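Visitor: Got a structure for you, questions after.
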Amino acid sequence: MIDTNYIKQLRIENHYSQIELSRILGFKTAEKYSRRENGIYNFKAQEIFLLAKFYGIPMEKFFTRKCANSEQIAAKSN
1 MIDTNYIKQL RIENHYSQIE LSRILGFKTA EKYSRRENGI YNFKAQEIFL
51 LAKFYGIPME KFFTRKCANS EQIAAKSN
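Under the UniProt record's numbering, the residues of the sequence shown are numbered 1 to 78, in order.
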């Protein structure tokens, strides 16, 4: 799962507005970004990629720990 709290925290700590991030993702309005950040809609893989590139951090940081642990367990069982 995408950690929307982390995404919001990153935006605030780096002093960006939702309008600025919506432009990075190619949205015409901040409303689309806001709905994703608030968990109403899910971020798409391409959007997470763009955010990771913009902030200069690995994509894995955007996933909840629970999700990451589940993926590690699944990988070990294969």
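We put the CB at the ideal spot given by N, CA and C, even for glycine.
Just so we're clear, the structure is a prediction, and the values are computed from it rather than from any experiment.
#1: Measuring straight from C-alpha to C-alpha, what distance separates R23 and I7?
#2: Helix, strand or coil, according to DSSP, for F49 in the structure here?
#3: May I ask which residues mark the beginning and end of the alpha helix (DSSP H) holding L10?
#4: Could you pull out every residue in the same chain whose Cβ sits closer than 7 Å to the Cβ of S34, ignoring the five residues on either side in sequence?
#5: For F63, write down the residues that DSSP places opposite it in a beta bridge.
Guide: Looking at the atomic coordinates:
#1: Translated into positions along the sequence shown, residue 23 becomes position 23. Translated into positions along the sequence shown, residue 7 becomes position 7. Rounded to the nearest angstrom, the gap between the Cα atoms of R23 and I7 is 15 Å.
#2: Residue mapping note: residue 49 aligns to position 49 of the sequence shown, counting from 1. Helix.
#3: One-based indexing of the sequence shown puts residue 10 at position 10. For L10, the uninterrupted alpha helix (DSSP H) segment begins and ends at 4-13.
#4: Here residue 34 refers to the residue found at position 34 of the sequence shown. Closer than 7 Å at Cβ, skipping near neighbours: Q18.
#5: Against the sequence shown, residue 63 aligns to sequence position 63. F63 pairs with I2.
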